[in-house]
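**Q** Handing you this structure, nothing more for now.
Number of protein chains: 2
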Amino acid sequence: MKRYEKFAEDIAELIRSGVLAAGQRVPSVRYASQTHGISPSTVFQAYYLLERRGLIRARPRSGYFVNDNFVGPSLSAPELEAVPAAEQVRETTEVDVSELVFSVLDSIKDPHTVPFGSAFPSPALFPLQRLARSLSSATRDMDPRVTVTDLSPGNPVLRRQIALRYMVGGLMLPMEELLITNGALEALNLCLQAVTQPADLVAIESPAFYACLQVLERLKLKAVEIPVHPQNGIDLDVLELALERHPIKACWSMTSFQNPTGAQVPEERKRALVELLRTHQVPLIEDDVYGELYYGQHAPKPAKAFDTEGLVMHCGSFAKSLAPGYRIGWVAAGRFAQKVERLKLMTSLCASMPAQAAIADYLQHGGYDRHLRKLRNTLEDQLRAMLGAVTRYFPAQTRVSPPSGGYFLWLELPEQVDALKVFHAALAQGISIAPGPIFSPTRRFRNCIRLNYGTPWTDTSETAMQTLGKIIRSLMGH
Amino acid sequence: MKRYEKFAEDIAELIRSGVLAAGQRVPSVRYASQTHGISPSTVFQAYYLLERRGLIRARPRSGYFVNDNFVGPSLSAPELEAVPAAEQVRETTEVDVSELVFSVLDSIKDPHTVPFGSAFPSPALFPLQRLARSLSSATRDMDPRVTVTDLSPGNPVLRRQIALRYMVGGLMLPMEELLITNGALEALNLCLQAVTQPADLVAIESPAFYACLQVLERLKLKAVEIPVHPQNGIDLDVLELALERHPIKACWSMTSFQNPTGAQVPEERKRALVELLRTHQVPLIEDDVYGELYYGQHAPKPAKAFDTEGLVMHCGSFAKSLAPGYRIGWVAAGRFAQKVERLKLMTSLCASMPAQAAIADYLQHGGYDRHLRKLRNTLEDQLRAMLGAVTRYFPAQTRVSPPSGGYFLWLELPEQVDALKVFHAALAQGISIAPGPIFSPTRRFRNCIRLNYGTPWTDTSETAMQTLGKIIRSLMGH
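From first to last, the protein sequence lines are chains A and B.
In terms of our numbering, the first sequence has 29 at position 29, counting the first letter as 1, and numbering is strictly consecutive.
Convert by adding 478 to the 1-based position in the second sequence; the result is the number in our numbering.
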């Protein structure tokens, strides 16, 4: 172990043990250099490493501080470290990632494949029988005239229920602003289209959910990649720089339990994100489909909660928390609400009415919060199981940043391991994974993979992790 | 009445009474000139008039023939004549019609308004209760895993049922080509996007369904308007000219019971349309959402039936024939099938699964053909009722071309009547209509209106027609 690595490990230990608390300043370079008898450049190297691991973060002209949502030692095995994120504003990029994504998606259609590469949690986790009852009773009583009168913005009972849930969480969302869509994916498409023209620049996360890249590709938009820190989410300093340098027309961010990293933007940083974009008058498209899947005591507030000027277009969905396959999402598009609603009318008129009515009925009578509590506990248990397996079977150099919600684990494998090779070798053994390059228009993250732990843990999962570990090790030597 | 008008009326009478049957050749210009003692140019003028009325049609180097889908005298009042359609290739046009369309659409949301302006048939005409039963049983038995495995192209049972229906009608459509969409509107959007880039030219009908104009606007495409003959549909000669003059990237046509004219392209002309586009290697986007609503003995064959090279992208829907509000449509996109499926995955992932499963169940067990027979009879009865009211209450100069399917009546009012004024005056009296200019990017058809007869005829309908007649007369004098 080199000197700077040793010093970094010491500081990391101080953070893990709580001696250095979240938000606290770490020793200045000069102080550390003097007290530890090492050169300032060694301290810098160590801090740089810790920053890449997501443990600390630089504030311009103030020094380094402990990241405020670091997940403690209970979930983080010593050899598992945070994934680094790049520091520079990337060049803008034409997006063309679809072929690769589709080959990955095709691979996970086989029901016998271990679905670590899937984008969905197991359907077994959802109250589909109870929803079917809601579907029956809601459509039995449905007034036929609504099929003509209740086009977009959508079922008023459903929209009221959604607004109520936000209200309980402290976000006042006028029902008039809410539009029901065919899942969040359509909402995101409509939002982007409402505020961009082909060839415009959009600030996106890096890594980003591949569907985001596909939407950009479809709409012929260009991406400016902003690094995501595994713990804190989108890098505000880099974003600020990008906003100053480029004529960015929108910013797309997954503010809670980001796909693929699981990163959660802390509340204060959400506020800062909204404020930064407000200064530049750039709309934020907030993709919040995992917001209900938090493991803590309280739901994370969305960035929309800090929106004072209607610049945040907040997108949600029931697909990941309640009703996969129903394809019911929504958007509260602020000052763009009417424009988005009209685009929706031109694109697909309205969302399927039986599905809307069923979910409206379920939200009123089905016990959604009870279901969610159970779902969150299950997902957190499955996270622990998968983290355990990573510790047991993966090489020690593997870095991971345990999320505090959602169902994705983002792993940085040893540098010499090619994630696409892992993908192919694993698939040959009946295991799917999501390789890093599908999450970047510039094919970065070539040694990263995303694993889905949204499926109940079984012996098959354990064996599959063991097999994956072997595959990764076998790719390290060559 | 001028001499050529008198002679045209004589020939029209021969056609109406069945002396000249569909497909039969009308007297040659020379023969008619000699036997009737009129100049050849008078005969030409008369035949030209008859052609404009949709009664006959020229075949190059063969003379004039009686159109084979002329609707006989039982439906056509003597003073009601076919609507003329322009002859020239129009200039290409940026499409910007949405504001006008949305103001019309907003107007028909009030359930107390007489819905002559609506785009939908009355929901009372559909077996929504029976569908709700299908919904219950289909979702009760639904394997949760399909919510992950059965994304686009969609529910295999539903796709098989749709393919079977086409097979019975003589069209072999491989199930693999079929993609389920959120209604035909999404299918049309995806098709256009698959074969165009922003600023490309698309040949569309004139008048065209306003949603088509909105889709062009949304995708930033330019329109080349091709006239629609009220009986024969899209003008092939003009289309040919347009294809030679302009780099047209796609042709969008509603081949059966066109919205708004009700025009039905005869089978042979569908074949010719496909052949013409094949020669130019231009894809046909066939919007066939009214195909099941024919009044004759046999379903009209879609243009897709004549497609030999996979250039026809055929779009259908259950929204107008079975399940309004379910938002289930489909597309068989020929050689573009994979591209369209991928666009669908990027746009909205898949259609709502309960709705797909319900319709699949209904098609197997619900008695769809029985429902359709009843629906067709009802619509034809309602057409007769509305035509009668037009004859009773509207000015004699009103021209109408009774359709042989669907539920729209396209009327050309006396020239001095402004359809937008009719729209506003009627709305003030609680009656909606669809004014001509919303069906054209160049705001043509200013004295035309579209009336929807898809609602069971009542005293209210009768009174509303009387009121409309008064409004129109009142606008004639000034």
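Glycine included, C-beta positions come from ideal geometry on N, C-alpha and C.
Would you report the Cα separation of residue 619/B and residue 230/A, rounded to the nearest angstrom?
**A** Approximately 41 angstroms between the Cα atoms of the pair.
**Q** Could you tell me the alpha carbon to alpha carbon distance between residue 485/B and residue 786/B, rounded to whole angstroms?
**A** The alpha-carbon atoms of residue 485/B and residue 786/B are separated by roughly 42 angstroms.
**Q** Any beta-carbon of chain B closer than 9 angstroms to the one on residue 126/A?
**A** Judged by the 9 angstroms Cβ criterion, residue 126/A is in contact with chain B.
**Q** Quick check on the DSSP output: the alpha helix (DSSP H) that includes residue 137/A runs from which residue to which?
**A** Per DSSP, residue 137/A belongs to the alpha helix (DSSP H) from 128-140.
**Q** Quick one: any contact between the region 658-670 of chain B and the region 813-831 of chain B, if contact means 3 or more CB pairs under 8 angstroms?
**A** The region 658-670 of chain B vs the region 813-831 of chain B: in contact.
**Q** Consult DSSP for residue 711/B and reduce its assignment to one of helix, strand or coil.
**A** Residue 711/B falls in the strand class under three-state DSSP.
**Q** Hey, which unbroken runs of the alpha helix (DSSP H) at 4 residues or more fall wholly within the region 616-658 of chain B?
**A** DSSP runs (the alpha helix (DSSP H)) wholly in the region 616-658 of chain B: 624-627, 634-646.
**Q** Quick one: using the 10 Å Cβ neighbour count with 16 as the cut-off for buried, is residue 72/A buried or exposed?
**A** With a pLDDT of 29 at residue 72/A, under the threshold of 50, the predicted position of this residue should be treated as unreliable, though the coordinate-derived value follows. Looking at its Cβ environment, which holds fewer than 16 other Cβ atoms inside 10 Å, residue 72/A is exposed.
**Q** Going by DSSP, which residues form a beta bridge with residue 451/A?
**A** Paired residues: 409/A.
**Q** Tell me, please, whether the region 243-250 of chain A touches the region 696-716 of chain B by the rule of three or more beta-carbon pairs shorter than 8 angstroms.
**A** Flag = no, the region 243-250 of chain A and the region 696-716 of chain B do not touch.
**Q** Three Cβ pairs or more, each shorter than 8 angstroms: is that satisfied between the region 642-657 of chain B and the region 617-634 of chain B?
**A** Yes: the two stretches touch, three or more of their Cβ pairs being nearer than 8 angstroms.
**Q** Are any of the Cβ atoms in chain B nearer than 9 angstroms to that of residue 288/A?
**A** No, its Cβ sits nowhere closer than 9 angstroms to a Cβ of chain B.
**Q** Would you report the Cα separation of residue 964/B and residue 488/B, rounded to the nearest angstrom?
**A** Beyond the ends of chain B as shown, which are 479 and 956, falls residue 964/B; an answer cannot be given.
**Q** Which residues in the same chain as residue 160/A place their Cβ atom closer than 6 angstroms to its Cβ, once the five residues preceding and following it in sequence are excluded?
**A** Only 175 meet the Cβ criterion.
**Q** Residues in the same chain with beta-carbon distance under 6 angstroms from residue 815/B, minus the five sequence neighbours each way, listed in chain order, please.
**A** For residue 815/B, where only same-chain residues beyond five positions count, the Cβ hits under 6 angstroms are 655.
**Q** Residue 727/B and residue 692/B - do their beta-carbons sit closer together than 9 angstroms?
**A** No, they are not a contact pair.
**Q** Hey, how far is the Cα of residue 502/B from the Cα of residue 938/B?
**A** Distance between the alpha carbons of residue 502/B and residue 938/B: 42 angstroms.
**Q** Restricting to runs no shorter than 3 residues, where is the beta strand (DSSP E) found entirely within the region 308-379 of chain A?
**A** Counting whole runs of 3 or more residues, the region 308-379 of chain A contains the beta strand (DSSP E) stretches 312-317, 329-332.
**Q** Is DSSP giving residue 764/B helix, strand or coil here?
**A** Strand at residue 764/B.
**Q** Whole angstroms are fine: how far does the CA of residue 882/B sit from the CA of residue 936/B?
**A** Distance between the alpha carbons of residue 936/B and residue 882/B: 22 angstroms.
**Q** So, at 7 angstroms on beta carbons, what are the nonlocal neighbours of residue 100/A in its own chain, with the 5 sequence-adjacent residues on each side left out?
**A** Cβ neighbours of residue 100/A beyond the five flanking positions: 437, 438.
**Q** Does residue 354/A get closer than 9 angstroms to chain B when you measure Cβ to Cβ?
**A** Taking Cβ atoms only, chain B reaches closer than 9 angstroms to residue 354/A, which makes this a yes.
**Q** Could you tell me whether the Cβ of residue 406/A comes closer than 9 angstroms to any Cβ of chain B?
**A** No, its Cβ sits nowhere closer than 9 angstroms to a Cβ of chain B.
**Q** From this set, 205/A, 295/A, 31/A, 167/A, which residue's C-alpha is nearest residue 251/A's C-alpha?
**A** Of 205/A, 295/A, 31/A, 167/A, the residue nearest in Cα terms is 205/A.
**Q** Relative to chain B, which residues along the region 204-222 of chain A have a C-beta separation below 9 angstroms, given in chain order?
**A** The region 204-222 of chain A vs chain B, Cβ under 9 angstroms: 211, 214, 215, 217, 218, 220.
**Q** Just reading off the beta strand (DSSP E) that residue 59/A is part of, what are its end residues?
**A** From DSSP, the beta strand (DSSP E) with residue 59/A extends over 56-59.
**Q** Could you check what DSSP says for residue 871/B in three-state terms: helix, strand or coil?
**A** Note: residue 871/B maps to helix in three-state DSSP.
**Q** With a cut-off of 9 angstroms, does the C-beta of residue 76/A fall near any C-beta of chain B?
**A** With a pLDDT of only 32 at residue 76/A, under the threshold of 50, the placement of this residue in the model should not be trusted, and no figure is reported.
**Q** Residue 426/A lies in the beta strand (DSSP E); which residues open and close that run?
**A** Not the beta strand (DSSP E): residue 426/A falls in the alpha helix (DSSP H), residues 419-428.
**Q** For the region 704-727 of chain B, enumerate the residues whose C-beta is nearer than 9 angstroms to any C-beta of chain A, in chain order.
**A** Listed by position, the residues of the region 704-727 of chain B near chain A (Cβ gap below 9 angstroms) amount to none.
**Q** Thinking C-alpha only, which one of 931/B, 795/B, 899/B is nearest residue 925/B?
**A** It is 899/B.
**Q** When the Cα of residue 591/B is compared with those of 932/B, 790/B, 904/B, which residue comes out closest?
**A** Among 932/B, 790/B, 904/B, the Cα nearest to that of residue 591/B is on 904/B.
**Q** Please classify residue 450/A as buried or exposed, where buried requires at least 16 neighbouring CB atoms within 10 angstroms.
**A** Flag for residue 450/A reads buried.
**Q** DSSP beta-bridge partners for residue 935/B?
**A** Note: residue 935/B sits in no beta bridge, so no partner.
**Q** Residues bridged to residue 913/B by DSSP?
**A** The partner list for residue 913/B (beta bridge, DSSP) reads 927/B.
**Q** Quick one: does residue 69/A have its CB under 9 angstroms from some CB of chain B?
**A** Residue placement at residue 69/A cannot be trusted, given a pLDDT of 46 that sits under 50; the coordinates are not used to answer.
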